[in-house]
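All residue numbers for the sequence shown refer to the UniProt record's numbering, where the first residue is 1 and numbers rise by one.
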Amino acid sequence: MSGKDSPALLTQEERVHWDSNGYLQIKSVLTDAEVMELREAVDGLSSHFSRLPISERRRYLGLSGNQRDLMVKQAISFTPAIDRLLDHPGVFGRLLGLMGPYLQVVGTEAFVRYPHPGALLRLHTDGGPGFRRFLPHADEPVLQLKVQFFLTDVAGPDSGNMVVVPGSHRRRFPDGGPDAAAGPRRQILAAAGDALVFPWSLWHAVAPNLSGQIRRSVIIRYAQLWCRPQDYARLDDETLSRMSPRRRLLLGVLPGNDGQYDDLYRYYLPPSGEHVRVMYGAEWSDSVEAAEYAATEAAVRSGYSAKTRGGSGLR
Ligand SMILES: O=C(O)CCC(=O)C(=O)O
Ligand SMILES: [Fe+2]
């Protein structure tokens with residue numbers, strides 16, 4: 001198949017927008033039925049956690065930026081409604097384009113943001129002081145990104161919108177916090193069903209919510225395979241047992257360590273062939289990138305066998 005006929009993982013326009021603005025908004029990714037099911041699931045989580053004593057809540061509640069809003073970590077262990085978001089066809093091709101095939105899901109988070117007149121979360125980059133010093137390079141696979149699926153309309157400003165500083169993703173976030181020179185901030189206007197893709201290094205915040213409506217969303221965090229997951233060390237068997245082969249791979253169950261998680265070296269050096277094949281799947285296997293990664297793997301394999309024959313180590 002010629003390059004021209006191959007499915008594009010990311011259009012040229014999307015890549016230019018990502019490179020210059022540091023984020024990508026994809027419209028109407030979820031159907032109304034998907035939005036409805038997810039919204040019910042998030043509301044279910046919200047009432048579940050509000051009934052739990054504080055001590056039991058702690059394990060699963062992350063930083064929402066204030067005392068009122070809810071951020072549930074490892075939400076996928078509480079509801080199967082989130083499963084389809086891991087490799088959603090409206091987004092996952094773009095993620096393969098941005099990150100390459102050696103990616104994993106490192107977190108699944110549900111957000112409930114209540115009406116409030118002040119900013120809900122200050123301007124920040126994700127990952128704290130360690131990650132702050134790493135900045136993405138335009139031509140290299142993205143280290144870590146999040147996809148925020150909106151489950152409520154945030155059609156106007158000050159509705160609990162995500163706020164971004166366009167183009168900030170390749171600028172070092174100042175240790176003392178940004179000053180007035182941070183650059184213009186943009187509130188993301190979105191409809192329920194839209195998705196926003198952004199890397200750790202984009203300066204972002206959450207606007208006040210004067211809309212009178214609760215803002216609900218789900219975020220899936222992705223990282224390169226060799227990073228550690230953020231909200232689970234090992235997912236429970238019940239959650240893993242309902243997953244497709246690709247989703248199992250995304251959740252860290254790699255071939256050869258099926259459910260065992262005992263060979264951590266595989267996250268660093270994935271077993272040959274399998275990863276690329278499963279990740280691109282039937283949907284994106286004809287892409288230029290799938291062929292390129294398969295060729296790289298083959299070259300690495302033949303390099304290894306030559307080295308092994310020569311008696312030198314692989315590492
Ligand atoms: O609630 C939001 O819109 C974003 C929260 C946030 O900063 C994040 O998840 O990185
Ligand atoms: Fe953040």
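From the three backbone atoms N, C-alpha and C, an ideal C-beta is built for every residue, glycine too.
Just so it is clear, the structure is predicted and the values come from calculations on it, not from any experiment.
Self-check item: Same chain, Cβ closer than 6 Å to P42, five either side skipped, listed in chain order
Solution: By 1-based counting over the sequence shown, the position of residue 42 is 42. The displayed chain sequence assigns Val, not Pro, to residue 42. If we look at V42 and ignore the five residues flanking it on each side, its Cβ neighbours are A110, R216.
Self-check item: residue 318, DSSP secondary structure in three states
Solution: The structure shown does not extend to residue 318, since the chain spans only 1 to 315, so no value can be given for it.
Self-check item: Where the beta strand (DSSP E) containing A195 begins and where it ends
Solution: Taking the first residue of the sequence shown as position 1, residue 195 is located at position 195. Segment 195–199, the beta strand (DSSP E) holding A195.
Quiz item: Got a sec: is the Cβ-Cβ distance from R172 to anything in chain B below 9 Å?
Solution: Protein chain content of the structure displayed is limited to a single chain, and chain B is not contained in it.
Quiz prompt | Buried or exposed by the 16-neighbour rule on C-beta atoms within 10 Å, applied to E289 | solution = In the sequence shown, residue 289 corresponds to position 289, counting from 1. E289 should be labelled buried.
Self-check item: Within the region 89–158, ranges of the beta strand (DSSP E) (whole runs, at least 3 residues)
Solution: Entirely contained in the region 89–158, the beta strand (DSSP E) runs reaching 3 residues are, in chain order, 103–113, 121–124, 144–150.
Quiz prompt | For V278 and E297, believed in contact at Cβ under 8 Å, the rounded distance | solution = For the purposes of this step, residue 297 is taken as the residue at position 297 of the sequence shown. For the purposes of this step, residue 278 is taken as the residue at position 278 of the sequence shown. By a beta-carbon distance limit of 8 Å, E297 does not contact V278. Their separation comes to about 13 Å.
Quiz item: Could you give the residue range of the alpha helix (DSSP H) that holds H17?
Solution: Locating residue 17 in the sequence shown gives position 17, counting from the first residue. Start and end: 12–21.
Self-check item: L189 beta carbon less than 9 Å from that of P157
Solution: Sequence index remark: in the sequence shown, residue 157 carries index 157 (1-based). Sequence index remark: in the sequence shown, residue 189 carries index 189 (1-based). Judged by their CB atoms, P157 and L189 are nearer to each other than the 9 Å cut-off.
Quiz item: Is the closest heavy atom of ligand 2 to the C-beta of D69 under 8 Å?
Solution: Start at 1 with the first residue of the sequence shown, and residue 69 comes out as number 69. For ligand 2, not one heavy atom lies less than 8 Å from the Cβ of D69.
Self-check item: CA-to-CA distance, H48 to V35, given in whole angstroms
Solution: For the purposes of this step, residue 35 is identified with residue 35 of the sequence shown, where counting begins at 1. For the purposes of this step, residue 48 is identified with residue 48 of the sequence shown, where counting begins at 1. Straight-line Cα distance between these residues: approximately 20 Å.
Practice problem: Identify, in the order they occur along the chain, each residue of the same chain with its Cβ nearer than 7 Å to the Cβ of W226, setting aside the five sequence neighbours on each side. | Solution: Along the sequence shown, read from residue 1 onward, the residue named residue 226 stands at position 226. Excluding residues within five positions, the ones whose Cβ falls inside 7 Å are Y267, Y268.
Practice problem: Identify whether R277 lies in helix, strand or coil by the three-state DSSP scheme. | Solution: On the sequence shown, position 277 is the one that residue 277 refers to. Helix, per DSSP.
Quiz prompt | heavy atom of ligand 2 below 8 Å from D231 C-beta | solution = Along the sequence shown, read from residue 1 onward, the residue named residue 231 stands at position 231. Checking the Cβ of D231 against ligand 2 gives no.
Quiz item: In this structure, does DSSP put A290 in helix, strand or coil?
Solution: Stepping through the sequence shown from its first residue, residue 290 is reached at position 290. Residue state for A290 is assigned as helix, using DSSP reduced to three classes.
Self-check item: Close Cβ partners of F150 (< 6 Å) along its chain, the five nearest in sequence each way excluded
Solution: Within the sequence shown, numbered from 1, the residue matching residue 150 stands at position 150. For F150, same chain residues with a beta-carbon under 6 Å away, outside a window of 5 residues either side, are A190, A192, D194, S217 in chain order.
Quiz item: Measuring CB to CB, does D126 end up less than 9 Å from W200?
Solution: Taking the sequence shown and counting its residues from 1, the one referred to as residue 126 is at position 126. Taking the sequence shown and counting its residues from 1, the one referred to as residue 200 is at position 200. Yes; because the gap between Cβ atoms is below 9 Å, this pair is in contact.
Quiz prompt | Three-way DSSP call (helix, strand, coil) for K4 in this model | solution = Along the sequence shown, one-based indexing puts residue 4 at 4. Only weak support exists for where K4 lies, its pLDDT of 48 falling under 50; the value from the coordinates is given anyway. K4 carries a helical assignment under DSSP once its states are collapsed to helix, strand and coil.
Quiz item: Which residues in the same chain have their Cβ closer than 7 Å to the Cβ of S51, if we skip the five residues on either side of it in sequence?
Solution: As a working note, residue 51 is residue 51 in the sequence shown. Per the sequence shown, residue 51 should be read as Arg rather than Ser. Within the same chain, R51 has no close Cβ partners at all.
Quiz prompt | Three-way DSSP call (helix, strand, coil) for G259 in this model | solution = Here residue 259 is taken as the residue at index 259 of the sequence shown, counted from 1. Low per-residue confidence applies at G259: pLDDT is 49, beneath 50, and the placement is therefore not dependable, though the value from the model is reported in the following sentence. Three-state result, G259: coil.
Quiz prompt | Limits of the alpha helix (DSSP H) - the one that M36 falls within | solution = Residue mapping note: residue 36 aligns to position 36 of the sequence shown, counting from 1. Segment 32–51, the alpha helix (DSSP H) holding M36.
Exercise. Give me the Cα-Cα distance between Q213 and L98, rounded to the nearest whole angstrom.
Key: On the sequence shown, position 213 is the one that residue 213 refers to. On the sequence shown, position 98 is the one that residue 98 refers to. In a straight line, the C-alpha of Q213 is about 33 Å away from that of L98.
Quiz prompt | Spatial neighbours of A295 in its chain, beta-carbon cut-off 6 Å, leaving aside the 5 residues before and after | solution = What you label residue 295 is simply residue 295 of the sequence shown in a count that begins at 1. Excluding sequence neighbours, A295 sits near nothing in its chain.
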